[in-house]
Amino acid sequence: MLTIRQLYPILRKHQKLSEHRSPLLSQGKVAKFMSYLMMALLVVYLIIIAITLALVATDQKSMTAYEFMYSFLPFVAILDFFARFKLQQTPSQQVKPYVLLPIPRYTCIDFFIIRSMQSQGNLVLMFLYVPFAIMAVVFAEGLWLTFLFLIGFYVIELIISQVYSIFRTLVNQSMVYWLGFIPVLAMVASPLFFTKDWELTISFTHLTRGYAHLGEWICKGNGIVWSTMFIILGIVATINRHIQHKYVYAELSREEKAIKVSNSQKMKFMENWGLTGEFIRLEILSIRRNKNVRKIFISSNVIVLIFSLICSFSSVYDELGMIRFWLIYNYAIYGSMLLLRVMTFEGNYIERLMMGHHTIEQLLRAKFYIYS
């Protein structure tokens, strides 16, 4: 049997070959170009934001530049976490082709977890931190403090990548696991509710000041803070390791249950609506039976609810123009999230519908009725 040291280079080689042999590599040249273009635009935006923040930080008298950048940590971390849902795969999605091979059961999972930590995606935000450090930190504080400033952010990025992998795997099993994000969010926002004397209050000043102090401890090499960060990284990586192993092997041993269609599911009353009623019935059954479709449906409704609550209970959007602007998103969200579904889940019959434009019209009308 191969040793772990011999196995890791083989797995790395397989991953590179799979990327080059993928049909999408030759068929999706336009999509690949657009993804590179969007990534280039993202890098430009991050550099512009870094320059702007550096200019603001140099004028700050109440805190140093590195404290100023760390004060934005909770907001950047939350945005980074949700952005990974579009960009990062979980190890369980990559390890499935290898689980039936005579390989130690945790070896593949360990490899893909390590590889996820080495992913270039964890370096994207460095285009924000490095220009900021060059302009506002290195000349004022020195190379050693700048090094700790950047390494601190990188370790935090690794922790976020493992937390994302845990939640992504659990949410793929059930949307109920989103409730587990509430205590994590409460921990991140804990400085918002307490003063330094542990008095209960709510102030964004306390939140930013708390993370500014954290940045000071990180950049000045506080041993307790650095040890805590590495302990947290080890804990979330270990939890991720066990969760990936559990769900990979649980899915392989799962038995598919036969789906029984009852008379209530047939919804015969929609036959009076003709072809539009048929498509409405098909849409409802797809949401009920298909786990992926149901998740998209629930997620889009939650986002619409959040935007509606913002418009209803926030005084910032009292102007009619702003209300109309935000309410447009309530209609755009369904279209943007369902567009992918039309081209994938419904791809088995969409090609036949293309033969008649009237049929396409009926399909879109049925979707319009449901989601309106």
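Take any residue in the sequence shown, note its place counting from 1, add 23, and you have its number in the numbering used here. Ideal Cβ positions, reconstructed from N, Cα and C, are used throughout, including at glycine.
Enclosing alpha helix (DSSP H) for residue i [first to last residue]
i, result
"D82", "Element bounds for D82: n/a, residue is neither H nor E."
"W240", "227–242"
"T87", "Note, T87: premise wrong, no alpha helix (DSSP H); not H, not E."
"I157", "149–159"
"E301", "297–312"
"M198", "Per DSSP, M198 belongs to no alpha helix (DSSP H) and is neither H nor E."
"M140", "130–140"
Cβ-based neighbour list, residue i, same chain, cut-off 6 Å, excluding 5 preceding and 5 following
i, result
"T231", "S94"
"M86", "A235"
"F91", "A80, Q83"
"N353", "V327, F330"
"L69", "F150, L151"
"F336", "none"
"M252", "V178"
With 16 other Cβ atoms within 10 Å as the buried cut-off, status of residue i
i, result
"D103", "buried"
"V67", "exposed"
"H265", "exposed"
"F172", "buried"
"G233", "buried"
"L40", "exposed"
"H268", "buried"
"Q50", "Below a pLDDT of 50, predicted positions are generally treated as unreliable, and Q50, at 49, falls in that range; no measurement from the model is reported."
"N315", "exposed"
"Y59", "exposed"
"I383", "exposed"
"A389", "buried"
"V325", "exposed"
"L166", "exposed"
"P97", "buried"
"R347", "exposed"
"I136", "buried"
"I205", "exposed"
"I132", "buried"
"R191", "buried"
Residue i and residue j closer than 8 Å at C-beta
i, j, result
"E306", "G300", "no"
"Q385", "F330", "no"
"L34", "F134", "yes"
"Y270", "S323", "no"
"S184", "S139", "yes"
"A100", "V211", "yes"
"E155", "A73", "Contrary to the premise, residue 155 reads as Phe rather than Glu in this sequence. In this structure, A73 lies closer than 8 Å to F155 by Cβ."
"T130", "L237", "no"
"M360", "I310", "no"
"E180", "L148", "yes"
"M198", "I393", "no"
"F227", "L215", "yes"
"L256", "V178", "yes"
"M158", "A63", "no"
"Y187", "R107", "yes"
"I254", "V248", "no"
Spatial neighbours of residue i in its chain, beta-carbon cut-off 7 Å, leaving aside the 5 residues before and after
i, result
"V284", "Low confidence applies here, because V284 scores a pLDDT of 48, under 50, leaving its location unreliable and the question unanswered by this model."
"V194", "Y200, W201"
"I126", "L30"
"H37", "none"
"W349", "F330, I333, C334, Y340"
Cβ shell of residue i (< 8 Å), same chain only, five flanking positions each side left out
i, result
"A281", "Note that A281 has pLDDT 48, beneath the 50 cutoff, so the model's placement of it is unreliable and the number below is only indicative. None."
"S287", "With a pLDDT of only 48 at S287, under the threshold of 50, the placement of this residue in the model should not be trusted, and no figure is reported."
"K243", "L168, L171"
"W296", "I303"
"I483", "The chain is shown only over 24 to 395; residue 483 falls outside these bounds and no answer can be derived."
"P32", "none"
"L298", "T382, Q385"
Chain B within 8 Å of residue i, Cβ atoms only
i, result
"A235", "You won't find chain B in this structure, because it holds only one protein chain."
The ligand ADP heavy atom lying under 7 Å from the CB of residue i
i, result
"T382", "The model on display carries no ligand, and the ligand ADP is accordingly not part of it."
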